[in-house]
Structure formats: C-alpha cells, structure tokens
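Novice: Residue numbers (this note's numbering): 6 to 543.
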Amino acid sequence: MAQDVKTAPAPQREVETSSHIPVKPLYTPADLKGLDYESEIGYPGEYPFTRGVQATMYRGRLWTMRQYAGMGDAEESNKRYKYLLANGTTGLSVAFDLPTQIGLDSDHPLAGGEVGKVGVAIASIEDMERLFDGIDLTKISTSMTINATASILLALYVAVARRKGADIRKLSGTVQNDVLKEYIARGTYIYPPHQAMRIITDMFAWANENVPDWNTISISGYHMREAGSSAVQEVAFTLGNGMAYVEAAIKAGLDVDKFAPRLSFFFNAHSNFLEEVAKFRAARRMWARIMREHFKARNPRSWMLRFHTQTAGSTLTAQQPENNIVRTAIQALAAVLGGTQSLHTNSFDEALALPTEQAARIALRTQQIIAYESGAPQTIDPLAGSYYIESLTSEIEKRAAEYLGKIEVLGGMLKAIERGYVQQEIQNAAYEYQQQVDQQDAIVVGVNRFEIEEEKPIPIQHIDPALEPKQIERVRALRAKRDPGPCKAALQSVEQAARSGANLMPSIVTAVEACATVGEISDAMRRVFGEYKEAVVI
6 MAQDVKTAPA
16 PQREVETSSH
26 IPVKPLYTPA
36 DLKGLDYESE
46 IGYPGEYPFT
56 RGVQATMYRG
66 RLWTMRQYAG
76 MGDAEESNKR
86 YKYLLANGTT
96 GLSVAFDLPT
106 QIGLDSDHPL
116 AGGEVGKVGV
126 AIASIEDMER
136 LFDGIDLTKI
146 STSMTINATA
156 SILLALYVAV
166 ARRKGADIRK
176 LSGTVQNDVL
186 KEYIARGTYI
196 YPPHQAMRII
206 TDMFAWANEN
216 VPDWNTISIS
226 GYHMREAGSS
236 AVQEVAFTLG
246 NGMAYVEAAI
256 KAGLDVDKFA
266 PRLSFFFNAH
276 SNFLEEVAKF
286 RAARRMWARI
296 MREHFKARNP
306 RSWMLRFHTQ
316 TAGSTLTAQQ
326 PENNIVRTAI
336 QALAAVLGGT
346 QSLHTNSFDE
356 ALALPTEQAA
366 RIALRTQQII
376 AYESGAPQTI
386 DPLAGSYYIE
396 SLTSEIEKRA
406 AEYLGKIEVL
416 GGMLKAIERG
426 YVQQEIQNAA
436 YEYQQQVDQQ
446 DAIVVGVNRF
456 EIEEEKPIPI
466 QHIDPALEPK
476 QIERVRALRA
486 KRDPGPCKAA
496 LQSVEQAARS
506 GANLMPSIVT
516 AVEACATVGE
526 ISDAMRRVFG
536 EYKEAVVI
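#1: Roughly how many angstroms separate the alpha carbons of Phe534 and Asp207, rounded to a whole number?
#2: Can you find at least 3 beta carbon pairs, one from the stretch 125-132 and one from the stretch 76-92, that sit closer than 8 Å?
#3: Rounded to the nearest angstrom, how far is the Cβ of Pro266 from that of Arg306, given a contact under 8 Å?
#4: Count the other CB atoms, across all protein chains shown, that sit within 10 Å of the CB of Tyr194; report buried if there are 16 or more and exposed otherwise.
#5: Closest to Thr55 by C-alpha separation, out of Leu342, Arg290, Glu539, would be which residue?
#6: So, at 6 Å on beta carbons, what are the nonlocal neighbours of Glu281 in its own chain, with the 5 sequence-adjacent residues on each side left out?
#7: Does DSSP put Tyr73 in a helix, in a strand, or in coil?
#8: Do Val180 and Ala201 count as a contact pair if the criterion is CB distance below 7 Å?
#9: Which same chain residues, not among the five before or five after Arg230, have their C-beta less than 6 Å away from its C-beta?
#10: Could you compute how far the alpha carbon of Gly410 sits from the alpha carbon of Ser319?
#11: To the nearest whole angstrom, what separates the beta carbons of Ala381 and Ile375, a pair I think is in contact under 8 Å?
#12: So is Glu430 buried or exposed if we call it buried at 16+ other beta carbons inside 10 Å?
#13: Would you grab the beta carbon distance between Val163 and Val216 for me? Rounded to a whole angstrom, and I think it's under 8 Å.
#14: Assuming the contact rule is C-beta atoms closer than 8 Å, Tyr537 and Pro197 should be a hit. Round their C-beta distance to whole Å, please.
#15: What's the C-alpha gap between Cys520 and Arg487?
#16: Where do the ends of the alpha helix (DSSP H) carrying Met291 lie?
#17: For Gln346, tell me which candidate among Ala35, Leu310, Gly121 has the shortest Cα-Cα distance.
#18: Looking only at its chain, what residues have a beta carbon closer than 7 Å to the beta carbon of Asp354, apart from the 5 residues adjacent to it on each side?
#19: Using alpha carbons as the reference points, say which of Gly192, Lys175, Tyr227 lies closest to Asn220.
#20: Quick one: grab the DSSP three-state call for Ala100.
#21: Three or more beta-carbon pairs under 8 Å between the stretch 248-266 and the stretch 434-441, yes or no?
#22: Could you tell me the distance, in whole angstroms, from the CA atom of Phe271 to the CA atom of Ile222?
#23: When we look at the beta-carbon of Thr143 and count the other beta-carbons within 10 Å, is it buried (16 or more) or exposed?
#24: Here's the rule: buried if 16 or more other CB atoms are within 10 angstroms of the residue's CB, otherwise exposed. What is Asp9?
#25: Going along the chain, which residues of its own chain have a beta-carbon closer than 6 Å to the beta-carbon of Leu472, five neighbours each way excluded?
#26: What does the Cβ neighbour count give for Ser23, buried or exposed, with the cut at 16 atoms within 10 Å?
#27: In this structure, how does DSSP classify Phe271 when only helix, strand and coil are distinguished?
#28: Where do the N-terminal and C-terminal ends of the alpha helix (DSSP H) with Phe264 fall, by residue?
#29: Spatial neighbours of Leu483 within its chain, please: CB distance less than 8 Å, with the 5 preceding and 5 following residues excluded, ordered by chain position.
#30: Could you check the C-alpha separation between Phe242 and Thr105 for me, to the nearest Å?
#31: Taking His228 as the reference, give the member of Ala190, Ala35, Val517 with the closest Cα.
#32: Compare the C-alpha of Asp262 against each of Arg286, Arg332, Trp308, Glu298 and name the closest.
#33: Quick check on this structure: which residue in Lys301, Gln501, Ala253, Arg71 has the alpha carbon closest to the alpha carbon of Met418?
#34: Note down, in chain order, each residue of its chain lying with its Cβ closer than 7 Å to the Cβ of Asn328, except the 5 sequence neighbours on either side.
#35: If you drop the 5 nearest sequence neighbours on each side, which residues of the same chain put their C-beta closer than 8 Å to that of Gly93?
#36: Comparing alpha-carbon positions, which option in Leu496, Ser234, Val331 lies nearest Ser512?
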C-alpha cells in the first residue's frame, strides 16, 4: 500500500495596496499595539479629527451632493445645472473650458477648437449672468474648478451676485485656486509660482473681509492621483502644498487663525476601497497635527481638514463602460465611510465624452442610494477600530510623513516642485502601475481580463459646433458696446496693483464690473508677472 505523502501548502502570494503597503491575510489586536486611542483616534469633532471634523457627521447633515458640470456656452450649462438641481443635487460644481482656465478669451487665436469643449466658456460678467440665470446664489453652494484665473472667476461670481441685489457676505462655495498642483500634474498655470502665490494670498485676505463663508482654496490631491500617484503620495504632496500656502500667507502678514478655517481640500476616491478610507482618516490626523504643532494655530477650526471628493476619472474605461457605474459606487462609498464633506460621482460615459443627462442622473442617484438606502451614514465613522483600517491609517501616515521629511530637506514644496522631485515620484508610480496592468499583475476588468469581442455603442454627448462662433461673437459684441473709459481705467488699476504690491482683488472686481474680460484682466497681470515656462527635467 502506497504511503500518503503530505505536501506543504503553497506559499501565499504577496499582496499589497496601491501604495505598496503589504497586506497581511489577517489582522488582530496585536496590530494595534502602541496605538493610543485618545491621542490618535479620539472622537469625531475632536482633535486630531481622525474620525471626522463634525461631532455628529452625517447624522447631523449629509455631505453636499455635487455633480461637476459645464459645457458649451453659459446657456447650455445653465440648463444642466437646473436639471441637476431638479434631480436632487445639493450644490453646484462648475467646469470651465481650457481657454477660461488659462486666461484666454474665446476669440483668442489659441482658443480655437477648445471653446466650450471640456467645460463652459466664460469671458465676461454677461457670460456669468447667463450661467446662473434663475439660480439664487445665496441659497446654493457653488464650487468652481478654476486655478490660474480663480481670482477673476470669484470676482465675476461676486459681481453677478451684486447685480442680483444679493448680500455677498451670504455667498458660500469654493474656488479650487490650487496652482501648485498645476505645476506638478495638470498644466493650466499662467504666472510663475511666486507671483501666483501672491495672487492666492491676496484672495485669502480679501475674501476673509468680504465673503467670509467662501472657501478660498481647495488644495487638491485629485489631479496628482489622476496623473498616477499612489494614495500615500496623494496625501503627502497635497499636505505639502497646503503647508506651502499657509507659509506664504503667514509671510504675507496674515493671521493663521483668520485664514486657515476657510482652507479646504480635494481628494480622489480610488478603487482600493479600504486603503482609500484609511487615506482620508490619515490625512485628517496629519493636517490637524501640522496646523497645531508646526504652525501653532490656536483655533480648533484651523486644525480641521475639510474636503471634497471626486471619484477616480482615471479608473473609468471605454471598454464595457457600464462597469464604471460599479467602480464609481465603490469609490463613492469609500469617500462617505472616510468622512467627506462634499462628493462628486463620475458618470459612466466619461471615458468617451462629456456625460449625457442620463449618465449624470445615474451618477447622482449613486450618491442618493448610498445616502438613503445603504445605512452607511447612520452611524459615525463605522469602520473605526477595525484592526486593518487603524493599522493602515497609521502606515499611510508614517509613509506620507517620510515624504514630507524629504521635501523639507529639499527646501520645501516650491523647491521640490522646481527641482522636479514631486513630478518624478508621480511619474515613477504611474509607470510602475502601467507595467502591472501590462503584465496582468493588476487586473482592470474589461481591459486586460474579462474582455468581450463586440460591444454595443452607447449614446454620447456632443457639443454643437455652432456654439463656438456664437460665443466669439458675444465677446466681440461686449467689447464694442461697453464704455471704454471705465474699462481701460480698471485694467490699468489691475496692472498698477500688480506692480505696487497692493491687494489685487478690489481692482479685479472693479474690472469685471466694468465689463473687462477674463483675457484682458489676465493680460494686465501677464505684463507684470510674465508667464511660467516649465523647466525640462532630464
């Protein structure tokens, strides 16, 4: 009779998160040894805010449900905003076209073919009035994804509110206004970094006095994650940028406890579900410590990391696009369990085109199902105390802190960006991930596994080609009919403020009210500040 031969169990393969953090098969209380619950986890609404910035979180108020939208001209986008509001969105989120983002009017030669394509074309106060026609700006929170020209778009928003007779102190919303990540990952910058930082700190000071409920910056890790950063890098580089803005504002003479409570952040919700939840918790805890210990802020509101989340556009696939609905739902749930204050869910067709109304509605319904059917918001920070979540939160914090230490050695975030360090780290992470996909070490359903041969086409959104010449004509008609004297004087005032070091915002507001265009105001500052040219890193 043959003797039974016992074979050794096959070794388990190494498993890692997207940030190369090893994942054990099982977590136990031993993994939480050394973790001080009082100082590191605590309670919601209390320092260090690991469990959330509000004591009651979603039991007191749900997150703001936004749907990022903007296309064609102001009328087209206004229709989409009213459609979304009618379907239950609780905040507006404006996407601007590339010419608007880089300070070019719609009739500029370099704007050709881009007018209204990836967002709405806004050149003047008349465009802004049409964009928000029939919408009470004091009763809605508006987020504007705009950076290099954020000062001008905020001025336009304020000017339109004044024309409507609104009290501008009652306006609430956010301008992204995060130019540092433009040099790192996105590219819609205009001015050199130091001059761009000056405009930002001018906005901090002006908004604090004039629109006190406005978030003057949304420090964004989203675009760095879209460029290929890991979750750890997203936390480290976002908080590094945040520190640079705080340092610049303090250097400009601002009181940290005056401007810091209006700082906000913008993160990506990616697909590694539990790592994303831990990422949000780690970022909150790190920022609280940075503000209290490094910057010596005394106001507890200065310690709070409040953030908006958008699901990961880079994970959406053109293949089997309906699968994107599931991806978005998972990512949105991670944001909610991570304690976001505001959320945008991507539409399933965005790998192909701007979203259709139906796709945008499904994306909004995804948030509403999480809010009203899933039970996730019924208790505060439901994953707290999980052996894996707490271990992962601490590991992300540790690794992100190591990055911040390296950045400090380089002389701070501006120096690190100028030397190309941050960009190179993100590029390396993106390359590693693409290699994993190519070698099927990372599975993308429908792309490198579970493909299908024939796919039924889905309806996609098309921008009417007639919108561009129509928008160009409007810009030219505005210039022809406006009073040239006040407009010329206002533009000269912007240029003088840029040269003298005076706060730019009052001059910019006067200029937009005199019907100066986005491009003209940007040019007034270009004449003083020049334009940034990216260094070639070899």
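Built from N, CA and C at the ideal position, the CB exists for glycine as well.
Specialist: Answer, in terms of the structure:
#1: Phe534 and Asp207: Cα-Cα distance of roughly 15 Å.
#2: yes
#3: With 8 Å as the limit, Pro266 and Arg306 qualify as a contact, their Cβ atoms being about 4 Å apart.
#4: Looking at its Cβ environment, which holds 16 or more other Cβ atoms inside 10 Å, Tyr194 is buried.
#5: Arg290
#6: Ala274, His275, Ala339
#7: Under the three-state reduction of DSSP output, Tyr73 falls in the strand class.
#8: no
#9: Glu239, Asn273
#10: 29 Å
#11: Between Ile375 and Ala381 the Cβ distance is about 6 Å, and since that is below 8 Å, they are a contact.
#12: buried
#13: 7 Å
#14: Going by Cβ atoms, the distance from Tyr537 to Pro197 rounds to 5 Å, so yes, they are a contact pair.
#15: 7 Å
#16: 278-294
#17: Leu310
#18: The residues Pro326, Pro360, Thr361, Ala364, Ile463, Ile465, in chain order, have a CB closer than 7 Å to that of Asp354 in the same chain once the five nearest residues on each side in sequence are set aside.
#19: The residue with the shortest Cα to Cα distance from Asn220 is Lys175.
#20: Ala100 falls in the strand class under three-state DSSP.
#21: no
#22: 10 Å
#23: exposed
#24: Low confidence applies to Asp9: its pLDDT is 48, below 50, so where it sits in the model is not reliable, and the reading given next is rough at best. Under this definition Asp9 is an exposed residue.
#25: Gly77, Asp78, Gly121
#26: buried
#27: When DSSP states are grouped into helix, strand and coil, Phe271 belongs to the strand group.
#28: 261-264
#29: Ala128, Ser129, Glu131, Cys520, Thr522
#30: 26 Å
#31: Ala190
#32: Of Arg286, Arg332, Trp308, Glu298, the residue nearest in Cα terms is Trp308.
#33: Residue Ala253 is the option with its Cα nearest to Met418.
#34: Thr322, Val450, Gly451
#35: Met70, Leu369, Gln373
#36: Leu496
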